[in-house]
Amino acid sequence: MGLGSTLKAVKISDLVYWVGAIDWNIRDFHGYVTGRGSTYNAYLIVGEQVTLVDTVKAGFHREMLSRVSSIVDPREIKYLVSNHSEMDHTGSLVEVMELIDPDEVYASKTGVKTLNTQFDIDREIKALSSGDELELGGVKLSFLETRMLHWPDSMVTYLPEEKLLFSQDGFGMHLAGGERFADEIPYSILEEEAARYYANILLPYSNLVSKLIANIAELGIEINTLCPDHGPVWRKDIDKIIGLWRKWALQKPQDKAVVLYDSMWGSTALMSKAVAEGLDAEGIAVKVMPVRSSHRSEVALEILDAGAFLVGSPTLNNNIFPSVADVLTYLKGLKPKNLIGASFGSYGWSGESVKHLNEILDGMKVEIIDEGVSVNYVPGEEDLVRCYELGVKCGKQLKEITNAGK
Ligand code: FEO
C-alpha cells in the first residue's frame, strides 16, 4: 500500500512519529504562492495501540503509509483522529480508511458534518467536543475545538503525557524540506514563511487567534512540542512562534507603507514613484508593488506589518483596472486592520478610478487620509509634486499613529 521501504517515519518524541508527506512541487495553494513547497504532516502515536493523527492530501497517502510502514503495519492503526476537514488533510481520508480499516475515527462535531458532506463515507465518525478526553491505545488525548481557526470544524489534539500539541494548521507554514524540526532551519526563513501563512490564511481570524493564545494559557496547557500540519515541528523556542502569532494578531501598525498600482501607459507608475518618494522622505519604509510583478498573496504578506496602504489605478472604461480590483478583492477578504491610506491614478476623459478606489478602501475599513490625486493623461511637474505631498502627508500621519502606540 506504500511506495517502498526508503521513505521513513521521523521520531518526534517517545510516543510520536512524523509520518507526513513532502510536496516539493506545489507553488499554488488555493491561490497563495508557495515558493518553497509544503508538507502535509500526519503523526503516529505508538502506545499499546496505534493512533494516526490527520492524513494527507489526495495523491500523497502512499507516501504517508510508507512512512507508517517503517514503524508498524498500517493495518495496526486502531484509531484515526481528523483535526481539520480541509482537503489538504483529508483528500486521502476515505482511501486511507479503506486501506487500514481503523476501529474508530474521530473528528470535531462540525468536522463530522463536514467530512460527511465532502465525502461519501459509509461508516460512523465519532464526534468530539472541547474538553473531551479519550484513552486511545493506553495514551490519553484531550481535544479543543478551535472554530474558525481557520474552518468551522478545526480542532487541536493534546497529548498531556508529553505536553505535545497537534495544532493542525495552527502555527504552521508552507515549507518543504528534509528538516523536520524548526531548530534545524534558519530563523529568517521560518519567520518569513510563518508570516506569509498567517497573512494569507489566518489574518481575518486574528481576534480568535488572540483568544486562542489566551485560552491556552488560561487552561494551563503547557507545550513542549508543537506539531502543526504544515512545515516543521517545534521542539524548542515554542514561545517564538506563538509570540509571532500573538504579534500578528494585534496588527499593530509599523512605519511601513505598501504602494500598490497598475498602469496603462506609465502615468500611474510615475505617480507611484512620487508617492513613494514622499513616504520615504518621512522615514517610512516603502514597498512599491506593481500589480503585474506582485502576486496578491505577496501583497498580503507585506500588508501584515504595514500601517499605510496606497493604491493607484488608471481609469479604464469608467472603472479601475481589473488587475488592481483582483488584489483588492483578495485583501478585502483578509480583513487587514489599522491601516490608513489614499488613492491615486491617471485618466483620459472620465476619471472615476480614484473615486472607486476610495470606495473600496473605505469598504476595507482603511482610514482614508486624503481625497487622493487624479491626473489627466500624463503627470506634469505640479502633478508629481501633489503625489509626493500625498506620500508626505500619509507618512506624517502614520508616524503620529505609531508614535502614539509606542
Ligand atoms: Fe492545511 Fe486548512 O488546511
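Residue numbers (our numbering): 392 to 797. Note that beta-carbon positions come from the ideal geometry of N, C-alpha and C, so glycine has one too.
Cβ-heavy atom distance, residue i to the ligand FEO, below 7 Å
{"i": "W636", "result": "no"}
{"i": "E584", "result": "no"}
{"i": "W542", "result": "yes"}
{"i": "D574", "result": "no"}
{"i": "H421", "result": "no"}
{"i": "D560", "result": "yes"}
{"i": "E477", "result": "yes"}
{"i": "D445", "result": "no"}
{"i": "H480", "result": "yes"}
{"i": "H452", "result": "no"}
{"i": "D620", "result": "yes"}
Coil, strand or helix - residue i by DSSP
{"i": "N708", "result": "coil"}
{"i": "E791", "result": "helix"}
{"i": "G732", "result": "strand"}
{"i": "E486", "result": "helix"}
{"i": "S396", "result": "coil"}
{"i": "L570", "result": "Residue 570 is actually Glu in this sequence, not Leu. Three-state result, E570: coil."}
{"i": "N416", "result": "coil"}
{"i": "G703", "result": "strand"}
{"i": "L540", "result": "coil"}
{"i": "L610", "result": "coil"}
{"i": "M546", "result": "strand"}
{"i": "E477", "result": "coil"}
{"i": "Y815", "result": "The question about residue 815 has no answer here: the residues shown for the chain are numbered 392 through 797."}
{"i": "L532", "result": "strand"}
{"i": "I694", "result": "helix"}
{"i": "K554", "result": "coil"}
{"i": "P663", "result": "With the sequence shown as reference, residue 663 is identified as Ser, and Pro is not the correct amino acid for it. Helix, per DSSP."}
{"i": "E575", "result": "helix"}
{"i": "S619", "result": "This sequence places Pro at residue 619; Ser is not what is there. Strand, per DSSP."}
{"i": "M564", "result": "coil"}
{"i": "I462", "result": "coil"}
{"i": "L599", "result": "helix"}
{"i": "W409", "result": "strand"}
{"i": "A449", "result": "coil"}
{"i": "M680", "result": "strand"}
{"i": "V424", "result": "strand"}
Beta-carbon proximity of residue i to residue j, cut-off 8 Å
{"i": "G732", "j": "L692", "result": "no"}
{"i": "A412", "j": "T430", "result": "yes"}
{"i": "L435", "j": "I462", "result": "yes"}
{"i": "S473", "j": "D445", "result": "yes"}
{"i": "N708", "j": "Y738", "result": "no"}
{"i": "A498", "j": "M478", "result": "no"}
{"i": "Y721", "j": "R683", "result": "no"}
{"i": "N432", "j": "W409", "result": "yes"}
{"i": "G563", "j": "E439", "result": "no"}
{"i": "E524", "j": "K517", "result": "no"}
{"i": "A567", "j": "G428", "result": "yes"}
{"i": "G502", "j": "S476", "result": "yes"}
{"i": "W639", "j": "Y589", "result": "yes"}
{"i": "A665", "j": "G561", "result": "no"}
{"i": "V441", "j": "K469", "result": "yes"}
Per-residue burial, residue i [other beta carbons within 10 Å of its own, 16 or more giving buried]
{"i": "R418", "result": "exposed"}
{"i": "G369", "result": "No statement about residue 369 is possible, as the shown extent of the chain runs from 392 to 797 and does not include it."}
{"i": "K756", "result": "exposed"}
{"i": "W625", "result": "buried"}
{"i": "T706", "result": "buried"}
{"i": "G796", "result": "exposed"}
{"i": "T537", "result": "buried"}
{"i": "H621", "result": "buried"}
{"i": "H421", "result": "exposed"}
{"i": "A591", "result": "At residue 591 the sequence reads Asn, which differs from the Ala that was named. With 16 or more other Cβ atoms within 10 Å, it is buried."}
{"i": "G634", "result": "exposed"}
{"i": "A605", "result": "exposed"}
{"i": "V407", "result": "buried"}
{"i": "Y578", "result": "exposed"}
* Is the region 741-755 in contact with the region 700-718, if contact means three or more CB pairs nearer than 8 Å? -> Because the criterion of three Cβ pairs below 8 Å is met, the region 741-755 and the region 700-718 touch.
* Is it a yes or a no for the region 670-687 touching the region 603-621, going by three-plus beta-carbon pairs under 8 Å? -> no
* **the region 620-631 touching the region 647-662, judged by at least three CB pairs closer than 8 Å** => no
* Does the pairing of the region 538-545 with the region 594-601 give three or more beta-carbon distances under 8 Å? -> yes
* Asked: With a cut-off of 8 Å, do at least 3 Cβ pairs link the region 484-492 to the region 501-515?
  -> yes
* **Cβ contact (3+ pairs, closer than 8 Å) linking the region 446-462 and the region 544-556** => no
* To do: Assess, as a yes-or-no matter, whether the region 784-797 is touched by the region 633-649 under the definition of 3 or more beta carbon pairs within less than 8 Å.
  => yes
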